[in-house]
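Following: one structure in structure tokens, then a few remarks.
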Amino acid sequence: MAYVAIADRDHEIEHHDPQTFITKYIWSQDHKVIAIQYGLTAIFVGLVALCLSVMMRLQLGFPDSFSFITPESYYQFVTMHGMIMVIYLLTALFLGGFGNYLIPLMCGSRDMVFPYMNMLSYWVYLLSVIILLASFFVPGGSTGAGWTLYPPQAIAEGTPGVDWGIVLMLVSLAVFIVAFTMGGLNYVTTVLQARCRGMTLMRMPLSVWGIFMATILGLLAFPALLVSAIMMLLDKTLMTSFFMPQMISGGEQLGHTGGSPILFQHLFWFFGHPEVYIVALPAFGIVSDLLATHARKNIFGYRMMVWAILAIGGLSFIVWAHHMYVSGMNPYFGFFFATTTLIIAVPTALKVYNWVLTLWQGNIHLRVPMLFAIGFIFTFIHGGLTGIFLGNVVVDLPLSDTYFVVAHFHMVMGVSPVLVVFGAIYHWWPKITGRMYSERLGRWHFWLTFLGTYSIYLPMHYLGFLGVPRRYFAMGDTEFMPQSAHDLNTAITISAIIVALTQILFFINVIWSLKYGKKADPNPWGATTLEWQTPDTPPKHGNWGHELPEVHRWAYDYSVPGQDQDFVPQTVPASEVPVGRQHGVKHE
Amino acid sequence: MSASGEVLPEGTKGVVQDFASDKQAFHVPWGKAMMWIFLLSDTFIFSCFLVSYMTVRISTADPWPVVSDVFALSFGGDPIPLILIAIMTFVLITSSGTMAMAVNMGYRKDRKKTFWLMVATAALGATFVGMQAFEWTKLIVDEGVRPWGNPMGAAQFGSSFFMITGFHGLHVSAGVIYLLVVAFRVKNGFYEKRGGNYEIVEIAGLYWHFVDLVWVFIFAFFYLW
Numbered sequence: 091m092a093y094v095a096i097a098d099r100d101h102e103i104e105h106h107d108p109q110t111f112i113t114k115y116i117w118s119q120d121h122k123v124i125a126i127q128y129g130l131t132a133i134f135v136g137l138v139a140l141c142l143s144v145m146m147r148l149q150l151g152f153p154d155s156f157s158f159i160t161p162e163s164y165y166q167f168v169t170m171h172g173m174i175m176v177i178y179l180l181t182a183l184f185l186g187g188f189g190n191y192l193i194p195l196m197c198g199s200r201d202m203v204f205p206y207m208n209m210l211s212y213w214v215y216l217l218s219v220i221i222l223l224a225s226f227f228v229p230g231g232s233t234g235a236g237w238t239l240y241p242p243q244a245i246a247e248g249t250p251g252v253d254w255g256i257v258l259m260l261v262s263l264a265v266f267i268v269a270f271t272m273g274g275l276n277y278v279t280t281v282l283q284a285r286c287r288g289m290t291l292m293r294m295p296l297s298v299w300g301i302f303m304a305t306i307l308g309l310l311a312f313p314a315l316l317v318s319a320i321m322m323l324l325d326k327t328l329m330t331s332f333f334m335p336q337m338i339s340g341g342e343q344l345g346h347t348g349g350s351p352i353l354f355q356h357l358f359w360f361f362g363h364p365e366v367y368i369v370a371l372p373a374f375g376i377v378s379d380l381l382a383t384h385a386r387k388n389i390f391g392y393r394m395m396v397w398a399i400l401a402i403g404g405l406s407f408i409v410w411a412h413h414m415y416v417s418g419m420n421p422y423f424g425f426f427f428a429t430t431t432l433i434i435a436v437p438t439a440l441k442v443y444n445w446v447l448t449l450w451q452g453n454i455h456l457r458v459p460m461l462f463a464i465g466f467i468f469t470f471i472h473g474g475l476t477g478i479f480l481g482n483v484v485v486d487l488p489l490s491d492t493y494f495v496v497a498h499f500h501m502v503m504g505v506s507p508v509l510v511v512f513g514a515i516y517h518w519w520p521k522i523t524g525r526m527y528s529e530r531l532g533r534w535h536f537w538l539t540f541l542g543t544y545s546i547y548l549p550m551h552y553l554g555f556l557g558v559p560r561r562y563f564a565m566g567d568t569e570f571m572p573q574s575a576h577d578l579n580t581a582i583t584i585s586a587i588i589v590a591l592t593q594i595l596f597f598i599n600v601i602w603s604l605k606y607g608k609k610a611d612p613n614p615w616g617a618t619t620l621e622w623q624t625p626d627t628p629p630k631h632g633n634w635g636h637e638l639p640e641v642h643r644w645a646y647d648y649s650v651p652g653q654d655q656d657f658v659p660q661t662v663p664a665s666e667v668p669v670g671r672q673h674g675v676k677h678e
Numbered sequence: 547m548s549a550s551g552e553v554l555p556e557g558t559k560g561v562v563q564d565f566a567s568d569k570q571a572f573h574v575p576w577g578k579a580m581m582w583i584f585l586l587s588d589t590f591i592f593s594c595f596l597v598s599y600m601t602v603r604i605s606t607a608d609p610w611p612v613v614s615d616v617f618a619l620s621f622g623g624d625p626i627p628l629i630l631i632a633i634m635t636f637v638l639i640t641s642s643g644t645m646a647m648a649v650n651m652g653y654r655k656d657r658k659k660t661f662w663l664m665v666a667t668a669a670l671g672a673t674f675v676g677m678q679a680f681e682w683t684k685l686i687v688d689e690g691v692r693p694w695g696n697p698m699g700a701a702q703f704g705s706s707f708f709m710i711t712g713f714h715g716l717h718v719s720a721g722v723i724y725l726l727v728v729a730f731r732v733k734n735g736f737y738e739k740r741g742g743n744y745e746i747v748e749i750a751g752l753y754w755h756f757v758d759l760v761w762v763f764i765f766a767f768f769y770l771w
């Protein structure tokens, strides 16, 4: 019996173009529009979080100079900055934004498998963002518990925002998880079930692999956050004692009894560590495609890259307690989690080698996306190496809760993914908008951002070695901190302000491009992947016109010897350009 | 690449290639694949709930109430331990049976029988939720159990009980609504217009069986421990 794939069945091929402005751009079920909605919302909250970080830096660089920054508001800035950047910006932008835009286009599908649910996903995400931002305006302001929200302090009297802020934060997280689940189920099912003819898993571009695996991690890790959010909400509102031990606060015995604060840490980091890779894996995937395209060379070790993504994803679930070395645990557990943590370095290093080897002898075009991609390799190696320090129990103990940790995770999951986000926006900009951006502005944007972030985070490692603690409102006069360290703090603040202002260049570029940008070629970079072969630029609803594309080769046929052009799109049949042995599938 | 393929044992590569092949990894409808993945995610939610319950049960310093006494019901004579839970579990497991029959009838395109079996499943589910409401009322009103404390022992008993059975009860209630929607669509011929495909009955069934399975774990860990 011949099995007809669902994508080819008649009623799936019929699609109805949206007619009105509202169905086209607002209540849209088109994955590309939803992607842009996700992207704009995420970038908007990201800007809010950027402003918060500048406020923090102002206090740290120029202590007690600004009357509007109180110790309470400082903790609120720290908390909201962290939570927004990790979840509402990076997770939403990589999966909701790039995932939505790229998966159907790169897999050769017409849309996500359940477009209506995909649309709901965005609106529920928007709701979670609104709830989150509302917490700035409730009595007592947003929560100041730190982005990890550790109990008991997160819901104990004395923490800023303990009345309303923490409640809104937890509700917002739960709503976000609902939104993510609706989107995530779509992304995974689309990759598994709705690829076009010839698009085997081992021919998928690495961007799709990275986003796919990150989504699976999200679907399995967010439950732990959901459960901990529900339990903390109950502890707060119904006075249950899941996380709250018996304690005395302000001379009064609180009503709680016998809960386990460590339980929260385990649940939080069971989510929190995979979350690092939810942000990193899409970046890994996308950067692989940027490097291959702009170096005009196939990605080195494609299969290894795929298996490394899967291995990292799997390992990320058994390393969580390396965030809890100072919380105290059985030494054997510390040994176990240190070992698994260091094992993750193996597939990760493999990927880094492969990126570098992809560049080796490539025909490198230093366009803006490529600059960001190469910048990512630097920052990621940097952050990865400090991660090896912190993964060891004995090294982590003195460095824990210092600026070394701040420097580490900002390098590895702050700056690195953000560089990829910018690289990816520049790379796909011509396809998304149909216009070219300004190369010159883009270069300025890159160099100021790249060097600027280095000048922020490199000195922080040194501050960490001195023992300067993170999350402190003011350092005051201490013996271990020389005057030079205080000066360094001021310098870091100045860099941070410069980097923040630099982002204006990006928005100028966006507006300039939309208004005056040159009309883009359908495939300006000479890329092989399917999204560049669409009949229309930007692609229309349904993506492919009447017929779905057919894939004959992997995504990395760059500079194939004996060809007129230095790339062979995935849609070119084997009869025109033979599919070589290295192209993924051996028995062709 | 071939290098990594050759180190794998004979046949492994074929398995990978088959799975990775054209278009679809699983030859099932999109909705079914999605339901599988959703249930996997939901499994993690319930696992986290149950692990947390076990942790707080260990961490609390107060004694845990004797569950066979708390969940006992008297019909005039001596209280019978766990009798209500036994009936509830029986009802829910029975509903899995009627659901399985509904799936079978769905594939036979017997719309009438499918409809009635699904309605029966939903009715059993609603009965379960009703009995759960009775159980909650008894605990709250008669025995004075509250989320923040109870007269019998550790406060975590009430909080875990209401949270976990409440979350499961919400799943059952959502399932009842879901089953009824599908059942009436089967009856109205909604799926006839879409090529007479009744896989949706099985997809709803997957969810229903999952909810039943979760109950078995809650039953074992909460009532029998």
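Each protein sequence line maps, in turn, to chains Z and E. Counting in the numbering used here, the first sequence runs from 91 upward without gaps. Counting in the numbering used here, the second sequence runs from 547 upward without gaps. Just so it is clear, CB atoms sit at the ideal spot from N, CA and C, and this is done for glycine as well.
Proximity to Z:Q336 [Cα-Cα], best of Z:Y277, Z:P351, Z:I464, Z:L323: Against the first sequence, residue 336 of chain Z aligns to sequence position 246. Checked all of Z:Y277, Z:P351, Z:I464, Z:L323; the closest Cα to Z:Q336 is Z:P351.
Z:A284 at chain E interface by Cβ criterion, 8 Å: Along the first sequence, one-based indexing puts residue 284 of chain Z at 194. Output row for Z:A284: interface = yes.
Short of 9 Å Cβ to Cβ, which residues in the stretch 692–710 of chain E face chain Z? R692, P693, W694, G695, A700, A701, Q702, G704, S705, S706, F708, M709
Going along chain Z, which residues have a C-beta under 9 Å from E:I723? What you label residue 723 of chain E is simply residue 177 of the second sequence in a count that begins at 1. Correct list: empty, because the minimum Cβ distance to chain Z is about 17 Å.
Which residues of chain E have a Cβ atom closer than 8 Å to the Cβ of Z:A314, listed in chain order? The sequence position of residue 314 of chain Z within the first sequence is 224, counting from 1. Those are F590, C594, listed as they occur along chain E.
Taking DSSP's pairing of strands, which residues face Z:Y277 in a bridge? Along the first sequence, one-based indexing puts residue 277 of chain Z at 187. Paired residues: none, contrary to the question.
Tell me which residues of the stretch 565–580 of chain E have at least one Cβ-Cβ distance to chain Z shorter than 9 Å, keeping chain order. F565, A566, S567, D568, K569, Q570, A571, F572, H573, V574, P575, W576, G577, A579, M580
Three or more C-beta pairs under 8 Å: does that hold for the stretch 189–197 of chain Z against the stretch 254–270 of chain Z? no
Enumerated in chain order, which unbroken segments of the alpha helix (DSSP H) with a length of 4 residues or greater are wholly contained in the stretch 200–227 of chain Z? 205–224
In chain order, each beta strand (DSSP E) run of at least 3 residues that lies wholly inside the stretch 522–599 of chain Z: none
Would you mind stating whether Z:F536 and Z:L461 have Cβ atoms separated by less than 8 Å? Looking up residue 536 of chain Z in the first sequence gives position 446. Looking up residue 461 of chain Z in the first sequence gives position 371. Result yes, Cβ atoms of Z:F536 and Z:L461 sit closer than 8 Å.
Less than 8 Å between the C-beta atoms of Z:G300 and Z:S211, yes or no? Taking the first sequence and counting its residues from 1, one reaches residue 300 of chain Z at position 210. Taking the first sequence and counting its residues from 1, one reaches residue 211 of chain Z at position 121. No, the Cβ-Cβ distance between Z:G300 and Z:S211 is not below 8 Å.
In three-state terms, what does DSSP make of E:S642? Position 96 of the second sequence holds residue 642 of chain E. Looking at E:S642 - three-state DSSP - the assignment turns out to be helix.
So if I threshold CB-CB distances at 7 Å, which residues from the stretch 599–619 of chain E count as touching chain Z? T601, V602, S605, T606, A607, D608
Residue nearest to Z:R293 in terms of C-alpha spacing, selected from Z:V667, Z:P659, Z:L578: Counted from its first residue, the first sequence places residue 293 of chain Z at position 203. If we check each option's Cα against that of Z:R293, Z:P659 comes out closest.
Which of helix, strand or coil DSSP assigns to E:I633: The residue labelled residue 633 of chain E in the question sits at position 87 within the second sequence. Here E:I633 sits in helix by DSSP.
Residue ranges of each alpha helix (DSSP H) within the stretch 446–534 of chain Z, 4 or longer: 458–481, 483–489, 493–500, 506–523
For E:I764, decide whether its Cβ has a neighbour in chain Z, counting only Cβ atoms nearer than 8 Å. Here residue 764 of chain E corresponds to residue number 218 of the second sequence, with the count starting at 1. So no, E:I764 is outside the interface.
Among E:V562, E:K559, E:V691, E:A579, whose alpha-carbon lies nearest the alpha-carbon of E:Y753? Locating residue 753 of chain E in the second sequence gives position 207, counting from the first residue. Selected option, being the one with the closest Cα: E:A579.
Z:M196 at chain E interface by Cβ criterion, 8 Å: Here residue 196 of chain Z corresponds to residue number 106 of the first sequence, with the count starting at 1. For Z:M196, the answer is no, since every Cβ of chain E falls outside 8 Å of its Cβ.
Would a check of beta-carbon distances place Z:T279 closer than 8 Å to chain E? Numbered from 1 along the first sequence, position 189 holds the residue referred to as residue 279 of chain Z. Yes, contact with chain E.
Cβ separation of Z:G236 and Z:T169, assumed to be a contact under 8 Å, to the nearest whole Å: What you label residue 236 of chain Z is simply residue 146 of the first sequence in a count that begins at 1. What you label residue 169 of chain Z is simply residue 79 of the first sequence in a count that begins at 1. Sure, about 6 Å apart at Cβ, within 8 Å.
What residues in the stretch 332–362 of chain Z bring their beta carbon closer than 7 Å to a beta carbon of chain E? F332, G345, T347, G348, G349, S350, L353, L357
My assumption, with CB atoms under 8 Å, is that Z:F333 sits in contact with Z:D325. Please give the rounded CB distance. Within the first sequence, numbered from 1, the residue matching residue 333 of chain Z stands at position 243. Within the first sequence, numbered from 1, the residue matching residue 325 of chain Z stands at position 235. Z:F333 to Z:D325, Cβ: 6 Å. Contact.
Under 7 Å Cβ-Cβ, which residues of chain Z neighbour E:M587? Within the second sequence, residue 587 of chain E is the residue found at index 41, counting from 1. Sequence inspection shows Ser at residue 587 of chain E; the Met mentioned does not correspond to that position. In chain order: T271, L309, L310, P313.
Could you confirm whether any beta carbon from chain Z is found closer than 8 Å to the beta carbon of E:I515? Beyond the ends of chain E as shown, which are 547 and 771, falls residue 515 of chain E; an answer cannot be given.
Examine the Cβ distances between the stretch 566–574 of chain E and the stretch 284–293 of chain Z and report whether three or more of them are shorter than 8 Å. yes
Under the DSSP definition of a beta bridge, which residues are partnered with Z:S339? In the first sequence, counting from the first residue as 1, residue 339 of chain Z sits at position 249. DSSP lists Z:E342 as partners of Z:S339.
My output table needs one value for Z:P313: the three-state DSSP class, helix, strand or coil. Against the first sequence, residue 313 of chain Z aligns to sequence position 223. In this structure, Z:P313 counts as helix in the three-state DSSP scheme.
Between the alpha carbons of E:T640 and Z:F360, how many angstroms are there, rounded? Residue mapping note: residue 640 of chain E aligns to position 94 of the second sequence, counting from 1. Residue mapping note: residue 360 of chain Z aligns to position 270 of the first sequence, counting from 1. Their Cα atoms are separated by approximately 36 Å.
Look up Z:K630 in the DSSP assignment and say whether it is helix, strand or coil. In the first sequence, residue 630 of chain Z corresponds to position 540, counting from 1. If DSSP states are grouped into helix, strand and coil, Z:K630 belongs with coil.
Suppose contacts are defined by Cβ-Cβ distances below 8 Å. Is Z:V366 in contact with Z:A428 by that definition? Looking up residue 366 of chain Z in the first sequence gives position 276. Looking up residue 428 of chain Z in the first sequence gives position 338. No; because the gap between Cβ atoms is not below 8 Å, this pair is not in contact.
Burial state of Z:A463, where buried means 16 or more other Cβ atoms lie within 10 Å: Position 373 of the first sequence, counted from the start, is the residue given in the question as residue 463 of chain Z. With 16 or more Cβ atoms within 10 Å of its Cβ, Z:A463 is classed as buried.
Look up E:P627 in the DSSP assignment and give the residues it is bridged to. In the second sequence, residue 627 of chain E corresponds to position 81, counting from 1. Looking at the DSSP assignment, E:P627 forms a beta bridge with E:A618.
Do you know offhand how far Z:N388's Cα is from Z:N453's? Within the first sequence, the letter at position 298 stands for residue 388 of chain Z. Within the first sequence, the letter at position 363 stands for residue 453 of chain Z. For Z:N388 and Z:N453, the distance between alpha carbons rounds to 11 Å.
Any beta carbon from chain E within less than 8 Å of Z:G288's own beta carbon? Against the first sequence, residue 288 of chain Z aligns to sequence position 198. Yes, contact with chain E.
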